[in-house]
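Visitor:
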Amino acid sequence: MRPHVDQRQAQVLALVRARGSVRVADLARELGVSPVTLRRDIEAMAARGEIHRMHGVISRVESARPGGAAAERGSAPVAGSTAASMAGPAGGRVGAAAAEGLVVGMVVPTTEYYYADVVRGAREVVEAHGARLTVGLTRYLPGEDRTQADRLLSTGADGLLLTPNWDAGSPGPGEGAWTAELPVPTVLVERWAPPGHPAAALDRVASDHAHGAATAVQHLVDRGHRRIALASRATPTTPRLRAGYEAAVAALGLEPAPPWPAAGPGPLSDADLFARTLDYLCEAVTAGGVSAALVHSDTDAIMLIPRLQARGVRVPEDLAVITYDDEVAGLADVPLSAVAPAKREVGARAAGLLLDRLTAPGGATGDGEGPRQHVELLPRLTIRS
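Residue numbering for the sequence shown follows this note's numbering, starting at 1 and increasing by one per position.
#1: When the Cα atoms are used, what is the spatial distance from Ala131 to Gly347?
#2: Do Val328 and Leu319 have their C-beta atoms closer together than 9 Å?
#3: Just reading off the beta strand (DSSP E) that Leu354 is part of, what are its end residues?
#4: Can you tell me where the alpha helix (DSSP H) with Ala247 in it begins and where it stops?
#5: Could you check where the alpha helix (DSSP H) with Gly212 kicks off and where it finishes?
#6: According to the neighbour-count rule (16 or more other Cβ atoms, all chains shown, within 10 Å of its Cβ), is Leu331 buried or exposed?
#7: Which residue wins for smallest C-alpha separation from Val107, given the options Glu124, Ala99 and Leu133?
#8: For Val36, which residues from the same chain have a beta carbon less than 8 Å from its beta carbon, with the 5 sequence-adjacent residues on both sides left out?
#9: In whole angstroms, what is the alpha-carbon distance linking Ala14 and Arg8?
#10: Helix, strand or coil: how does DSSP classify Glu30 here?
#11: Can you check whether the CB of Val290 is closer than 9 Å to the CB of Ile305?
#12: Any idea if Arg349 is buried or exposed, counting beta-carbon neighbours within 10 angstroms, 16 or more meaning buried?
#13: Would you call the CB atoms of Ile322 and Ala177 closer than 9 Å?
#14: In three-state DSSP terms, what is Leu254?
#15: For Ala287 and Pro142, what's the separation of their Cα atoms in angstroms?
#16: With burial defined as no fewer than 16 other Cβ atoms inside 10 Å of the residue's Cβ, what is the status of His4: buried or exposed?
#17: Using 9 Å as the threshold, is the C-beta distance between His211 and Glu345 below it?
#18: List the whole-angstrom C-beta distance separating Ser207 from Pro341, where the pair is believed to meet the contact cut-off of C-beta under 8 Å.
#19: When DSSP labels each residue in this structure, what does His296 get in the three-state scheme?
#20: Mark Tyr140 as exposed unless 16 or more other C-beta atoms lie within 10 angstroms of its C-beta, in which case mark it buried.
#21: Which residue comes first and which comes last in the alpha helix (DSSP H) that contains Thr155?
#22: Comparing alpha-carbon positions, which option in Val187, Pro171, His219 and Ala214 lies nearest Gly196?
#23: Does the count of Cβ pairs from the stretch 236-252 and the stretch 268-278 closer than 8 Å reach three?
#24: Cβ atoms of Gly169 and Arg191: under 9 Å apart, would you say?
#25: Exposed or buried, which one is Leu358 when buried takes at least 16 other CB atoms within 10 Å?
#26: Take the Cβ of Ala391 as the centre, count every other Cβ of all protein chains shown within 10 Å, and call the residue buried at 16 or more, exposed below.
#27: For Ser337, which residues does DSSP report across the bridge?
#28: Take Pro164 as the anchor and find which of Val339, Thr147, Ala262 and Arg276 has the nearest alpha-carbon.
#29: Given Glu175, which residues of its chain have a CB within under 8 Å of its CB, disregarding the five upstream and five downstream residues?
#30: Count the other CB atoms, across all protein chains shown, that sit within 10 Å of the CB of Val334; report buried if there are 16 or more and exposed otherwise.
#31: Where does Ile51 sit, in a helix, a strand or coil, going by DSSP?
#32: With burial defined as no fewer than 16 other Cβ atoms inside 10 Å of the residue's Cβ, what is the status of Arg386: buried or exposed?
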């Protein structure tokens, strides 16, 4: 395979020298190779100082630069060349000039509800530094996260902010290894990988949902509740919520809530899942001694409360409720206390970390300065009477 690689890179170099500059997407079509394959060639050639790369365009190295050909061989890609005097990833202080012209690709399930603020935070940071954010949506469809990532790379993304479709928020066995093989710097957003998984070596920024759940339990205990339930349908957030909830119940010596009823055969519809949650809470209050609950999400809580009251469970007299997400909790007819993940800040921190990687020496190849980072932001509890 190596002779083919050398031949292809020689073609790239000849075309760039002849034309001065060329778009990566156009070059991939002309050579008949995939954009991902070509980007690997370009990264290797840029690292050797044979070409310059920035914003989806590669250009030739001019021999008239100070130091002649020796300087060219030691030159870094343009995106990282001005970053040497700036703070590295740990400082989070990338300069606008260093990031100007970069393209950041962001793959998220949706730009509605929870992720609207995540995307907004990322966009504000990216645009403040003269870069551009492009977004790919997956709608939680299987395999669509990889499709969208490849699409963004083919259109010139210099780095990726990635929220893969992992049902439990982290990859299952044999799942998601491709995220660690991407040819550009990548930051996981609101996702995490267990130790030993290839994606565990990626930078990531996420909300500490376990801490958020424990904070809600602690507040309810402070208000005198001793048996507290967690009501959450299965989402990527649920496993972390349950881990924090169970840890807090154990640490505070609380009486455990009644267990959830065993799931029947086959998948349940959304209506069935909602009915199951309603039945569980009614039974937990009337027969199980539960006096408070953490409900994920706000919309479920707002829909549950009138149905609970119709079945004789008064809120908050019989059941105190704290919701998780805080998207619309304050808009309920009786405003609800809620735990709010720092969604906007998650997007901003992730974007800043990625720009730091891209503008540090070696950033274009994903080898920017400093150790990889796993950042967890603590959610905030808002009390509403």
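Note that CB positions come from ideal geometry on N, CA and C, so glycine has one too. Only a predicted model underlies this, so the values are computations on that prediction, with no experimental measurement involved.
Guide: With the given structure in hand:
#1: 15 Å
#2: no
#3: Not the beta strand (DSSP E): Leu354 falls in the alpha helix (DSSP H), residues Lys343 to Thr359.
#4: Thr238 to Ala251
#5: His209 to Asp222
#6: exposed
#7: Leu133
#8: So the list reads Asp150, Leu153, Ser154 and Pro183, once near-sequence residues are dropped.
#9: 10 Å
#10: helix
#11: Taking 9 Å as the Cβ cut-off, Ile305 and Val290 do not qualify as a contacting pair.
#12: buried
#13: Not a contact, by the Cβ cut-off of 9 Å.
#14: coil
#15: 40 Å
#16: exposed
#17: no
#18: 4 Å
#19: strand
#20: Flag for Tyr140 reads exposed.
#21: Looking at the DSSP string, Thr155 is not in any alpha helix (DSSP H), and its letter there is neither H nor E.
#22: Pro171
#23: no
#24: Taking C-beta atoms as the reference points, Arg191 and Gly169 count as a pair closer than 9 Å.
#25: Leu358 comes out buried.
#26: Coverage of the chain is limited to positions 1 through 385, which leaves residue 391 absent and any answer about it impossible.
#27: Ile322
#28: Thr147
#29: Trp166
#30: exposed
#31: strand
#32: With the chain represented from 1 up to 385, any question about residue 386 goes unanswered, as that position is not in the structure.
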